[in-house]
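Step one of this worksheet: look at the structure below.
Residue numbers (my numbering): 254 to 339.
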């Protein structure tokens, strides 16, 4: 999952940077990688890629502000959806 997230970040926000240049714990907002408009793009990508809605209450840095935080959030949401449907 980390690779998929990193690929999206590089393709959409870090066009000319090398893959190893992004630490998995680096804050997207603090480092200027993603701004508020970029966050909307990120949320749209999450919803399209993983098939769940990101609730407004979940739009917080704890869920979306680094590769690691995003991976944990997506894993938690997809596992919750599996429990509900399973």
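Quick reminder that beta carbons are idealized off the backbone N, C-alpha and C, glycines included.
#### Entry: Beta-carbon contacts of residue 277 that lie in its chain and below 7 angstroms, excluding the five residues immediately before and after
In its chain, beyond the 5 residues on either side, 255, 319, 320, 321 have a beta carbon closer than 7 angstroms to the beta carbon of residue 277.
### Query
If residue 326 and residue 317 are in contact, beta carbons under 8 angstroms, what's the gap, nearest whole angstrom?
7 angstroms
### Query
How long is the line joining the alpha carbons of residue 285 and residue 265, rounded to whole angstroms?
13 angstroms
#### Entry: Local Cβ density within 10 Å of residue 312, reported as buried at 16 or more and exposed below that
exposed
#### Entry: Distance CB(residue 275)-CB(residue 262) smaller than 8 angstroms
yes
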